[in-house]
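Letter by letter, the sequence shown follows residues 24 to 117 of the working numbering.
All C-beta atoms in this analysis are idealised placements derived from N, C-alpha and C, irrespective of residue type, glycine included.
The block underneath contains the structure these notes are about, expressed in structure tokens.
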Amino acid sequence: MKKKKRKKLRTGDEIVVSCPKCGHKHHYESLFALDQVSITALCENCGFLFLKHLNDKIKATTDLLNSDPKAVALLKNGKVKEFKAYLENKTGLF
24 MKKKKRKKLR
34 TGDEIVVSCP
44 KCGHKHHYES
54 LFALDQVSIT
64 ALCENCGFLF
74 LKHLNDKIKA
84 TTDLLNSDPK
94 AVALLKNGKV
104 KEFKAYLENK
114 TGLF
């Protein structure tokens with residue numbers, strides 16, 4: 024299977040972060056601009072704490088991968104959908 028080539032972010036690239044609850048796309052001028060936004064920022068569309076949720080999900084994913092060999096095996100074997108379901112089951116994060 025051929026891997027997709029990822030576009031590398033440059034300093035001036037626009038960053039788009041989608042709200043996991045409603046899908047609203049939040050646009051930021053750069054990584055620096057996103058870094059300046061409070062983690063308690065609310066989604067403009069639904070009021071969800073989308074950045075806090077995404078931060079919590081990243082932390083939970085990192086913690087799970089550091090402590091659970093089954094999670095690592097799922098990713099190594101390319102079972103991304105199964106990994107997402109496993110993560111949600113273990114952490115409660117969608």
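Nearest-angstrom beta carbon gap, residue j and residue i [assumed within contact, 8 Å]
i: residue 97; j: residue 106; result: 4 Å
Residue i, buried or exposed, once every other Cβ within 10 Å from all chains shown has been counted against 16
i: residue 94; result: buried
i: residue 42; result: buried
i: residue 73; result: buried
i: residue 66; result: buried
For residue j and residue i, the rounded distance between their alpha carbons
i: residue 57; j: residue 77; result: 13 Å
i: residue 104; j: residue 82; result: 19 Å
i: residue 87; j: residue 111; result: 11 Å
i: residue 113; j: residue 55; result: 32 Å
i: residue 91; j: residue 69; result: 34 Å
Own chain, CB closer than 6 Å to residue i, minus 5 neighbours either side, in chain order
i: residue 40; result: 49
Nonlocal neighbours in the same chain, by C-beta distance under 8 Å from residue i, ignoring five residues either side
i: residue 60; result: 51, 74
Beta-carbon proximity list for residue i, same chain, < 7 Å, skipping 5 on both sides
i: residue 62; result: 74, 75, 78
i: residue 64; result: 74
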